[in-house]
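Have a look at the structure below, then the notes.
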Amino acid sequence: MLVRLTVKNLALAEHIVLACEPGLNVITGETGAGKSILIGALGLLLGERADKKIIRTGEESCSAEAVLQLADPGPVNAVLEGLGLEPCDDGQLIIRRTVKASGANQQTVNDAAVTLQALKQLGELLVDMHGPHDHQSLLHRTAQLAILDAYGRTDKARAAYQAAWNERLRIDEAIQELAGDDADIEQQIEVLSFRVKEIEALAPVEGEEEQLIQEHTVVSHAQRIRELGEGVASGLTESEASIFDQMAAVQKMLEELAHLMDEAAAWRDEARTIAVGVKELSAAVSSRLESIDTDPGRLEWLENRMAAYQKARRKHGGSVAAVLETLASSKKRLRDLETRGQRLAELEKQRSAAERSLHVAGAALRDQRAAAAEKLADDITRHLRDLGFAHGVFSVELTPSEARASGMDDIEFGFAPNLGETKKPLREIASSGEISRVMLATKAVLAAHDRIPLLVFDEVDANVGGEMGNAIGRKLQVLAASRQVICITHLPQVAVCGGTHFAVAKQVKNQRTLSRVDRLDDDQRVEEIARMLGGREVTSAVMTHARELLAAGRKNQRKRA
Numbered sequence: 244m245l246v247r248l249t250v251k252n253l254a255l256a257e258h259i260v261l262a263c264e265p266g267l268n269v270i271t272g273e274t275g276a277g278k279s280i281l282i283g284a285l286g287l288l289l290g291e292r293a294d295k296k297i298i299r300t301g302e303e304s305c306s307a308e309a310v311l312q313l314a315d316p317g318p319v320n321a322v323l324e325g326l327g328l329e330p331c332d333d334g335q336l337i338i339r340r341t342v343k344a345s346g347a348n349q350q351t352v353n354d355a356a357v358t359l360q361a362l363k364q365l366g367e368l369l370v371d372m373h374g375p376h377d378h379q380s381l382l383h384r385t386a387q388l389a390i391l392d393a394y395g396r397t398d399k400a401r402a403a404y405q406a407a408w409n410e411r412l413r414i415d416e417a418i419q420e421l422a423g424d425d426a427d428i429e430q431q432i433e434v435l436s437f438r439v440k441e442i443e444a445l446a447p448v449e450g451e452e453e454q455l456i457q458e459h460t461v462v463s464h465a466q467r468i469r470e471l472g473e474g475v476a477s478g479l480t481e482s483e484a485s486i487f488d489q490m491a492a493v494q495k496m497l498e499e500l501a502h503l504m505d506e507a508a509a510w511r512d513e514a515r516t517i518a519v520g521v522k523e524l525s526a527a528v529s530s531r532l533e534s535i536d537t538d539p540g541r542l543e544w545l546e547n548r549m550a551a552y553q554k555a556r557r558k559h560g561g562s563v564a565a566v567l568e569t570l571a572s573s574k575k576r577l578r579d580l581e582t583r584g585q586r587l588a589e590l591e592k593q594r595s596a597a598e599r600s601l602h603v604a605g606a607a608l609r610d611q612r613a614a615a616a617e618k619l620a621d622d623i624t625r626h627l628r629d630l631g632f633a634h635g636v637f638s639v640e641l642t643p644s645e646a647r648a649s650g651m652d653d654i655e656f657g658f659a660p661n662l663g664e665t666k667k668p669l670r671e672i673a674s675s676g677e678i679s680r681v682m683l684a685t686k687a688v689l690a691a692h693d694r695i696p697l698l699v700f701d702e703v704d705a706n707v708g709g710e711m712g713n714a715i716g717r718k719l720q721v722l723a724a725s726r727q728v729i730c731i732t733h734l735p736q737v738a739v740c741g742g743t744h745f746a747v748a749k750q751v752k753n754q755r756t757l758s759r760v761d762r763l764d765d766d767q768r769v770e771e772i773a774r775m776l777g778g779r780e781v782t783s784a785v786m787t788h789a790r791e792l793l794a795a796g797r798k799n800q801r802k803r804a
């Protein structure tokens, strides 16, 4: 569940802290007070793109932070492990996002930097958000199919179908690559043959170019290297006043000193070691000088070899690894083209087998979907009756289709809101108020089939009122019995169903307008519900009605507890 949401310098929010509770949390307030700021902050934390315009005027950045306490951190920990992050400590997850006016934005999970994609991955496990326009997705068949698959838990069957689809797609692409007229194929063979011969003539080896550069530096400066090296060897052992000869004199004096002072024996031994080191160093320098190739032909060969490497890298990807990869792919492509007839015959056989596998996987997926479709329709119908459609009927129609990435099925959600009406496609008959309730019913059904701990509804009660508001509030209470729910609402009938009530309002402070959020006690709730009922004219009758609504809301809550 969401324990705390903190928002700083985002639009009208200077500093807002929303301390949520389990169950149904409702948020109310006049239009423009800043309720959407809280939803926007959650969206940022779930990986939505950020516009720098959301930063409060005069500030350099804005931020949002969510503290969540997970009853079952296993799925989230699995994602964190995949991202190379530490698991949640005692189930606590802290997500932060900072949007800056200049410079890079920042996002962290438990204080570790992450990408927006990581936030999206986590968000899919943590929060299901439903905005005022999201119900329109119910009208699209892609979304309808996703709902059916989520309900039917077809993950494995769909993954098997997707693998079969990808395999057939791979084979089709391979066949397409071998297609073309003979002249075109011959031209490709000619180009590939030249490329392969050119790279094979170079015979590139990873790491060789670096060695060439090092050797070229030595050979091109051979004369100066010899001069310096001979000077070093001379100074060490070969001149009359060499270090080695001086060390011999030092050793002789230390030998005599050792007879007079015990500690001088150690000095003598150390001097002998230094003398041996000097001699070995001189020998190493002389040996290396002798190995330096001063032949001008060697320098020319090195320069030609380096130039060949540079040319190959420019033509084939910028690195030796890319050149080698080009060689491998070109040789494979050349083999395929040179044996085109045989290769096409093999691919056609593979395609026939892949087509059979695809249809087997598609049929298995359809069977699962068909088994789930009727149950889904019945479940949504049952929830819709709780939401005021006493005689409404919902249907999920599956029909076979040609194979596509999503399967071999077409889907159509049908709806008959009233008794005696024929079911028609949802997109043809549903009003915005009806479709909002259909979406809520769908969410209620899916909530029993997933483990997402937080549901967020932004104005799910749009375009409804009266008794329908009561029905929506009761349905939200049902959802909140098994998970945390946050609902922004303009309906008092919905607001009174909340176990926790927050009110958003605007105020002026230091000549600046800002939003504030207050958690309401019982008396404050009565005043807020009365405002929602009567606007500015809050009479005693309106206050009495507000108390009655709240009492009814608490009664329903106790029934479901």
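Each residue of the sequence shown is one higher than the one before, counting from 244 in the numbering used here. Ideal placement from N, C-alpha and C gives every residue a C-beta, glycine not left out.
Other residues of its chain near LYS667: CB distance less than 8 Å, five sequence neighbours each side excluded: Your numbering for residue 667 matches position 424 in the sequence shown. The residues are GLY657, PHE658 and ALA659.
Alpha carbon of ARG531 to alpha carbon of ARG541, nearest angstrom: As a position in the sequence shown, residue 531 is number 288, starting the count at 1. As a position in the sequence shown, residue 541 is number 298, starting the count at 1. Rounded to the nearest angstrom, the two C-alpha atoms are 17 Å apart.
Closest Cα partner of GLU308 within the set THR271, ALA347, PRO316 and VAL246: Your numbering for residue 308 matches position 65 in the sequence shown. It is VAL246 whose Cα lies nearest to the Cα of GLU308.
Validate contact between the region 285-297 and the region 336-345 using beta carbons, cut 8 Å, 3 pairs: yes
Top-ranked residue by Cα proximity to LEU641, from GLU664, GLN611, LEU630 and ASN661: In the sequence shown, residue 641 corresponds to position 398, counting from 1. Of the candidates GLU664, GLN611, LEU630 and ASN661, the one whose C-alpha sits nearest the C-alpha of LEU641 is GLN611.
Given 8 Å, three or more beta-carbon pairs between the region 624-640 and the region 677-686: The region 624-640 vs the region 677-686: in contact.
HIS602, enclosing alpha helix (DSSP H) - first and last residue: Translated into positions along the sequence shown, residue 602 becomes position 359. From DSSP, the alpha helix (DSSP H) with HIS602 extends over 583-629.
Residue of THR249, LYS251 and THR274 minimising C-alpha distance to VAL747: Mapped onto the sequence shown, residue 747 falls at position 504. Nearest C-alpha to VAL747: THR274.
Straight-line Cα distance separating SER477 from GLU483: What you label residue 483 is simply residue 240 of the sequence shown in a count that begins at 1. What you label residue 477 is simply residue 234 of the sequence shown in a count that begins at 1. Using only the alpha carbons, I get a separation of about 9 Å.
Counted within 10 angstroms of its Cβ, other Cβ atoms place LYS718 as buried (16 or more) or exposed: Working through the sequence shown from its first residue, we reach residue 718 at position 475. Buried, by the Cβ-count rule.
In chain order, each alpha helix (DSSP H) run of at least 4 residues that lies wholly inside the region 427-474: Counting whole runs of 4 or more residues, the region 427-474 contains the alpha helix (DSSP H) stretches 451-463.
Residue range of the unbroken beta strand (DSSP E) whose run includes SER758: For the purposes of this step, residue 758 is taken as residue 515 along the sequence shown, with counting starting at 1. Element bounds for SER758: 755-762.
ARG694 beta carbon less than 8 Å from that of ASP315: Locating residue 315 in the sequence shown gives position 72, where the first residue counts as 1. Locating residue 694 in the sequence shown gives position 451, where the first residue counts as 1. In this structure, ARG694 lies closer than 8 Å to ASP315 by Cβ.
Whole runs of the alpha helix (DSSP H) within the region 507-571, excluding any shorter than 4 residues: 507-534 and 539-558
Cβ neighbour criterion (16 or more within 10 Å) applied to GLY584: Position 341 of the sequence shown, counting from 1, holds the residue named residue 584. Looking at its Cβ environment, which holds fewer than 16 other Cβ atoms inside 10 Å, GLY584 is exposed.
C-beta contact flag for ILE282 and ILE731 at 8 Å: If you number the sequence shown from 1, residue 282 lands on position 39. If you number the sequence shown from 1, residue 731 lands on position 488. Result yes, Cβ atoms of ILE282 and ILE731 sit closer than 8 Å.
Straight-line gap, LEU697 to VAL688 (C-alpha atoms, nearest Å): In the sequence shown, the residue the question calls residue 697 occupies position 454. In the sequence shown, the residue the question calls residue 688 occupies position 445. The straight-line gap from Cα to Cα measures roughly 15 Å.
Whole alpha helix (DSSP H) elements within the region 301-359, 4-residue minimum: Counting whole runs of 4 or more residues, the region 301-359 contains the alpha helix (DSSP H) stretches 317-325.
DSSP-derived helix/strand/coil call for VAL769: For the purposes of this step, residue 769 is taken as the residue at position 526 of the sequence shown. Looking at VAL769 - three-state DSSP - the assignment turns out to be helix.
Assigned secondary structure, ARG801 (DSSP; H/G/I helix, E/B strand, else coil): Working through the sequence shown from its first residue, we reach residue 801 at position 558. ARG801 falls in the helix class under three-state DSSP.
Test item: CB-CB of LEU619 and TYR404 under 8 Å: Translated into the one-based positions of the sequence shown, residue 619 becomes position 376. Translated into the one-based positions of the sequence shown, residue 404 becomes position 161. No. Outside cutoff.
Closest residue to LYS198 among ALA254, LEU261, ILE715 and ALA276 (Cα-Cα distance): Any answer about residue 198 is impossible in this case: the structure gives the chain only from 244 up to 804.
Helix, strand or coil at HIS258 according to DSSP, with G and I counted as helix: Here residue 258 refers to the residue found at position 15 of the sequence shown. Three-state DSSP puts HIS258 in a strand.
Reduced DSSP category for PRO668 - H, G, I as helix; E, B as strand; rest coil: Reading the sequence shown from its first residue, position 425 is the one you call residue 668. DSSP places PRO668 within a strand segment (E or B) once states are collapsed to three.
Segment contact, 8 Å Cβ cut-off, at least three pairs: the region 535-555 with the region 444-459: yes
Cut-off 7 Å between Cβ atoms - residues of its own chain near ALA514, not counting five sequence neighbours on either side: Reading the sequence shown from its first residue, position 271 is the one you call residue 514. Closer than 7 Å at the Cβ level, and outside the excluded window around ALA514, lie MET490, VAL493, GLN494 and LEU497.
Beta-carbon proximity check, ILE298 vs SER304, cutoff 8 Å: Here residue 298 corresponds to residue number 55 of the sequence shown, with the count starting at 1. Here residue 304 corresponds to residue number 61 of the sequence shown, with the count starting at 1. Closer than 8 Å, so yes.
At least 3 beta-carbon pairs within less than 8 Å: the region 462-479 vs the region 520-535: yes
Burial state of GLU452 (16 or more Cβ within 10 Å): If you number the sequence shown from 1, residue 452 lands on position 209. By the neighbour-count rule (16 or more Cβ atoms within 10 Å), GLU452 is buried.
Backbone CA spacing between HIS502 and LEU524 [nearest angstrom]: Locating residue 502 in the sequence shown gives position 259, counting from the first residue. Locating residue 524 in the sequence shown gives position 281, counting from the first residue. If I take the Cα positions, the gap works out to 31 Å.
Rounded Cβ spacing between LEU421 and ASP579 (contact assumed at less than 8 Å): Numbered from its first residue, the sequence shown carries residue 421 at position 178. Numbered from its first residue, the sequence shown carries residue 579 at position 336. With 8 Å as the limit, LEU421 and ASP579 qualify as a contact, their Cβ atoms being about 6 Å apart.
Neighbour-count burial assignment, THR460, 16 or more Cβ in a 10 Å radius: Within the sequence shown, residue 460 is the residue found at index 217, counting from 1. Exposed, by the Cβ-count rule.
Integer-rounded CB distance, given that ILE414 should sit under 8 Å from LEU577: Numbered from its first residue, the sequence shown carries residue 577 at position 334. Numbered from its first residue, the sequence shown carries residue 414 at position 171. LEU577 to ILE414, Cβ: 20 Å. No contact.
LEU503 (DSSP reduced to helix, strand or coil): Numbered from its first residue, the sequence shown carries residue 503 at position 260. In the structure shown, LEU503 sits in coil (DSSP, three-state: anything other than H, G, I, E or B).
GLU429 versus ALA648 - alpha carbon distance: In the sequence shown, counting from the first residue as 1, residue 429 sits at position 186. In the sequence shown, counting from the first residue as 1, residue 648 sits at position 405. About 35 Å.
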